[in-house]
Amino acid sequence: MPRHLNLRQIEAFKALIESGTVSRGASLLNISQPAMSKLIAHLEFDTELKLFDRVKGRLAPTEHAMRLYEEIGRIFAGVRQVEGAVDAIRREEQGRVAVGVLAALSGSFIQRVTTTFLQKHGNVFCSVESLSSPWIVDRLVSRKLDIGLVSNVIDNPYVTREPLMKHALVCIMAPDHPLTAKTVIEPQDLNGKPFVAFHRDTDMVNLIDNVLETYGVRPDVGLVSNVTPTVCEFVAAGLGVAIVHPLSLSGFEKRLVARRFEPEIPYHFQLCRSVDSRNAQLVETFAQVARAMALQISSSMLIAS
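The numbers in the sequence shown follow the numbering used here, run straight up by one, and end at 599.
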């Protein structure tokens, strides 16, 4: 009479499918080949399914076997999620910082800030979410986030705000671009030139467009994106120039050249936290690292601007 399946049978089946042979599967489970074969035979009997064809002394999985393997894969993925949740809960007891970051800073900048922070607080559980600025503020107010990096247009009485790297936007280009010969880029320099622009739904685009329209300049816009790191990648590939905030250039120091743009287009990001922030000391440490990283990027990228 068929019996209920047991975990050891499922482990043996999974190991056999993934390794390809009984001997390698047995080695993965640290059991003998006869024991491995017995587990597979019992699994076939208990499921009443033909899971393997015997072909030239080897076991070849049937269609039933592959369907069962897919289900087992989902189960084991769920187990790994539970293990991850357990680890997260364990680490949260040692401290937790939840960070929200807008897309423009979601690349190298936030990675460098978080890495430096965790070097000082290795036992802290840190989560990072890339969201739009309004969503970040909403999650700060509802205490789902501890600290956020948002655009300069955000204003909410329930969060404290401070400017992060006040600086005018800069014109960026590949190192071999002809405009690198100039120390200051002016609107007329961009007229008819290949240009990588932002989508209309970004708050920075109106500032840039207003200046270009005022001077009657029409760059040749061949690419658009709503994500600054993507804009930087296009520019680094030589597909045009762009106007961005220098803080977005983290990670591109060797691939892009930044030049001052005149007339100046002032812009800054903001460092926000809820007025009654939990984990206040950890949050302040994260903020200090973010400030220091912004200053470091400012010094390295703008020295030639």
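Glycine included, C-beta positions come from ideal geometry on N, C-alpha and C. Owing to the predicted nature of the structure, the values given are computational and were not obtained by experimental measurement.
CA-to-CA distance, residue j to residue i, given in whole angstroms
i, j, result
"I304", "A320", "13 Å"
"R368", "L345", "18 Å"
"K438", "T522", "25 Å"
"E312", "D347", "16 Å"
"L541", "Y561", "10 Å"
"E377", "L412", "21 Å"
"L323", "A306", "7 Å"
"R488", "N573", "In the sequence as presented, Arg is not what sits at residue 488; that position holds Pro. If you take the alpha carbons of P488 and N573, they lie about 47 Å apart."
"M295", "T341", "Because M295 sits at a pLDDT of 49, beneath the cut-off of 50, its placement in the model cannot be relied upon, and the following sentence gives the value as read from the coordinates. Going from the Cα of M295 to the Cα of T341 covers about 11 Å."
"A397", "G545", "15 Å"
"H358", "S424", "41 Å"
"S592", "N485", "28 Å"
"N446", "G372", "41 Å"
"L399", "H298", "53 Å"
"Q482", "V525", "21 Å"
"L301", "H415", "39 Å"
"S599", "K460", "Per-residue confidence for S599 stands at a pLDDT of 46, beneath the threshold of 50, marking its modelled position as unreliable; the derived number appears in the next sentence. For S599 and K460, the distance between alpha carbons rounds to 15 Å."
"D449", "Y509", "31 Å"
"G534", "R374", "44 Å"
"V538", "I466", "7 Å"
"V478", "A530", "19 Å"
"A552", "P428", "29 Å"
"G532", "H471", "8 Å"
"S436", "E364", "39 Å"
"I597", "L543", "Any reading at I597 must be qualified, since the residue scores a pLDDT of 47, below 50, and its modelled position is unreliable; no value is offered."
"E480", "V505", "10 Å"
"M360", "L473", "58 Å"
"F339", "G351", "20 Å"
"Q327", "V444", "59 Å"
"T408", "S426", "19 Å"
"V515", "P557", "20 Å"
"K548", "D503", "28 Å"
Assumed close pair residue i, residue j - CB separation to whole angstroms, cut-off 8 Å
i, j, result
"T410", "V583", "5 Å"
"F555", "V464", "6 Å"
"G442", "C566", "5 Å"
"A468", "L550", "7 Å"
"A354", "L458", "Contact flag wrong, Cβ pair sits at about 60 Å."
"S331", "V316", "6 Å"
"V518", "F492", "7 Å"
"Y452", "S571", "In fact, because the Cβ distance is near 11 Å, the residues do not count as touching under 8 Å."
"A536", "V490", "4 Å"
"V577", "D432", "Contact flag wrong, Cβ pair sits at about 18 Å."
Extent of the continuous beta strand (DSSP E) to which residue i belongs
i, result
"T454", "453 to 462"
"E423", "419 to 424"
"R567", "560 to 568"
"F488", "Residue identity check: residue 488 is Pro in the sequence provided, not Phe. Per DSSP, P488 belongs to the beta strand (DSSP E) from 488 to 492."
Strand pairing of residue i, partner residues [DSSP]
i, result
"L399", "Partner(s): none; L399 has no beta bridge."
"D347", "A354"
"I441", "V393"
"R553", "C465"
"L517", "V490"
Below-8 Å beta-carbon distance, residue i vs any chain C residue
i, result
"V499", "The question asks about chain C, but that chain is absent: this structure has only one protein chain."
For residue i, the first and last residue of its enclosing alpha helix (DSSP H)
i, result
"A536", "Run containing A536: none in the alpha helix (DSSP H); it sits in the beta strand (DSSP E), 536 to 538."
"L322", "316 to 323"
"R512", "No alpha helix (DSSP H) contains R512, which DSSP labels as neither H nor E."
"Q482", "Element bounds for Q482: n/a, residue is neither H nor E."
"S436", "Counting along the chain, S436 falls outside any alpha helix (DSSP H), and DSSP gives it neither H nor E."
"S331", "327 to 341"
"P523", "522 to 530"
"L301", "301 to 313"
Counting Cβ pairs closer than 8 Å, one from the stretch 419 to 435 and one from the stretch 388 to 405, do we hit at least three?
These segments touch.
Meets three-Cβ-pair contact criterion under 8 Å: the stretch 547 to 561 and the stretch 487 to 507:
yes
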